[in-house]
Structures are given as C-alpha cells and as structure tokens.
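Take 70 as the starting number for the sequence shown in this note's numbering and just add one per residue.
See structure below.
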Amino acid sequence: MFPNSENPPDIWAPLHLELGVNTSFGEGCYMNFNCTILDIAPVTVGARTLFGPGCQLIAVGHPVDDHAKRAEGWEIAHPITIGDDCWFGAGAMVMPGVSGGDRCVVAAGSVVTRDIPSGSMAAGVPAVVKRALPPSPF
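Shown next as structure tokens:
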C-alpha cells in the first residue's frame with residue numbers, strides 16, 4: 070500500500086478501506102480525514118497527489134440490468150488510476166474504471182464518472198472538464 074521511501078504518503082484517520090491490499094500510493098501523497106477507498110479492483114494513486122476530506126475512490130459497483138445478481142450481492146469491479154500531482158477537492162468521488170491524468174484537478178463535491186485528461190480541471194455532477202491548466206513550473 071505504501072512505497073518504501075523517505076517521503077511516504079501522509080494519510081489522516083479515519084481512512085475507510087474495503088480491503089487495502091489492492092490500493093497503492095505514490096511518494097508524497099496526502100489524504101485528508103474521512104476518506105473511503107473501496108478497492109475490490111486495483112486503486113493506484115500517483116506521487117504527490119492530494120485528496121481533501123471526505124473523498125471517495127469507489128472501484129466497485131453492482132449489476133444494474135440483472136436484478137437477480139444484484140439481489141444476491143454480486144459486485145462488478147473496475148480499476149481506478151490517478152496520476153502524479155493531482156488534487157481532488159473535499160468530497161470528490163471517483164467511480165469505477167476512471168483514470169485521472171497527471172496534474173488533473175477535480176473540484177470539491179464532483180462525481181468523476183469519465184476519465185479526466187492530464188493537465189485539466191473538472192467539476193460537477195457528473196464531472197466535466199472545465200478548462201486546461203497552465204503547464205507546471207516544476
């Protein structure tokens with residue numbers, strides 16, 4: 070879950086994990102309090118990515134069209150991949166199968182249902198790209 074490094078992730082309690090074994094964080098990540106990760110499928114977070122309080126990374130759902138399987142508790146999992154140097158505002162939610170490119174920013178309270186390109190800012194329910202971000206000075 071955590072890299073062997075001199076700059077490990079800074080994760081504030083409580084962190085709610087479904088499994089934990091399918092989640093990996095890059096160096097220098099920050100996750101504020103009361104975040105949730107449902108990691109039935111892999112959840113991969115790049116280096117120096119920031120999460121505000123109450124963010125959720127949800128890599129699993131239930132069948133929509135098959136009531137019998139849903140009633141039996143079947144789950145469908147899809148991986149989440151988030152790049153380096155991203156920022157997810159308070160209460161942002163990332164849904165199954167979504168990728169966030171390097172340096173993407175997601176506004177507070179947004180629900181990410183589609184991939185967010187590198188170097189862009191997205192907001193809304195569902196989240197849509199609002200604009201491109203300037204190149205990084207680093």
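Just so you know, even glycine gets a beta-carbon here, dropped at the ideal spot from N, CA and C.
Predicted model, so just to flag it, every value in this text is computed and none were measured.
Nearest-angstrom Cβ-Cβ length linking methionine 162 and glutamine 125, presumed shorter than 8 Å: One-based indexing of the sequence shown puts residue 162 at position 93. One-based indexing of the sequence shown puts residue 125 at position 56. Contact holds; Cβ gap of about 4 Å.
Strand pairing of isoleucine 145, partner residues [DSSP]: For the purposes of this step, residue 145 is taken as the residue at position 76 of the sequence shown. Gly130, per the DSSP bridge assignment.
Cutoff 6 Å; reference alanine 159; Cβ partners in own chain excluding five residues on either side: Within the sequence shown, numbered from 1, the residue matching residue 159 stands at position 90. Excluding sequence neighbours, alanine 159 sits near Gly121, Pro122, Gly123 and Ala177.
Alpha carbon of phenylalanine 102 to alpha carbon of threonine 182, nearest angstrom: Here residue 102 corresponds to residue number 33 of the sequence shown, with the count starting at 1. Here residue 182 corresponds to residue number 113 of the sequence shown, with the count starting at 1. One Cα belongs to phenylalanine 102, the other to threonine 182, and the distance between them is close to 23 Å.
Rounded C-alpha distance that separates methionine 190 from proline 203: Here residue 190 is taken as the residue at index 121 of the sequence shown, counted from 1. Here residue 203 is taken as the residue at index 134 of the sequence shown, counted from 1. The alpha-carbon separation between methionine 190 and proline 203 amounts to approximately 10 Å.
Residues bridged to serine 93 (per DSSP): Taking the first residue of the sequence shown as position 1, residue 93 is located at position 24. When DSSP reads this structure, serine 93 sits in a beta bridge with Thr113.
Identity of the residues DSSP links to glycine 169 by a beta bridge: In the sequence shown, residue 169 corresponds to position 100, counting from 1. Glycine 169 pairs with Ile151 and Ile185.
Sequence-distant residues of the same chain with beta carbon closer than 8 Å to aspartate 171, five excluded per side: As a working note, residue 171 is residue 102 in the sequence shown. Its chain contains Gly115, Gly152, Asp153, Asp154, Cys155, Ser187 and Gly188 as the residues whose beta carbon lies nearer than 8 Å to that of aspartate 171, once the 5 sequence neighbours on both sides are disregarded; these appear in chain order.
Terminal residues of the beta strand (DSSP E) in which alanine 140 lies: If you number the sequence shown from 1, residue 140 lands on position 71. Counting along the chain, alanine 140 sits inside no beta strand (DSSP E); it lies in the alpha helix (DSSP H) bounded by residues 136–140.
Pairwise C-alpha distance: arginine 200 and isoleucine 217: The question about residue 217 has no answer here: the residues shown for the chain are numbered 70 through 207.
Where aspartate 108 sits in the DSSP three-state scheme: The residue labelled residue 108 in the question sits at position 39 within the sequence shown. Coil at aspartate 108, not helix or strand.
Coil, strand or helix - methionine 164 by DSSP: Numbered from its first residue, the sequence shown carries residue 164 at position 95. Note: methionine 164 maps to coil in three-state DSSP.
Proline 195 burial status per 10 Å Cβ neighbour count (16 or more: buried): Here residue 195 refers to the residue found at position 126 when the sequence shown is read from its first residue. Counting the other Cβ atoms within 10 Å of the Cβ of proline 195 gives fewer than 16, which makes it exposed.
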